[in-house]
Amino acid sequence: MNEQELRKRADNITAEGILRISEKTGKSIDEIIREQIKKFKDRGQMEEHIERLEKPLKNDSDS
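Going by the working numbering, the first residue of the sequence shown is number 43, and it counts up by one from there.
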């Protein structure tokens with residue numbers, strides 16, 4: 043998988059990405075988040091993604 047595909051997938055998890063999906067599909071934000079989490083769990087990538095999401099938060103709290 044190339045970097046562009048990875049960025050597109052990562053964007054779907056960001057708040058902006060979730061809002062865009064909601065606007066395009068009419069799905070609720072909760073429903074989209076559940077779908078995205080299920081996709082990551084199905085691929086066995088949830089732990090890795092959670093770690094990536096937590097890193098910026100940890101860095102912000104250190105400053």
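Where a beta carbon is used, it is the ideal one built from N, C-alpha and C, also for glycine.
For the pair residue 63 and residue 74, the CB atoms are nearer than the 9 Å cut-off.
Residue 69 is a Cβ neighbour of residue 77, given a cutoff of 9 Å.
The three-state secondary structure of residue 81, taken from DSSP, is helix. By the C-beta density criterion, residue 71 is exposed, having fewer than 16 other C-beta atoms within 10 angstroms.
Rounded to the nearest angstrom, the gap between the Cα atoms of residue 96 and residue 46 is 22 Å.
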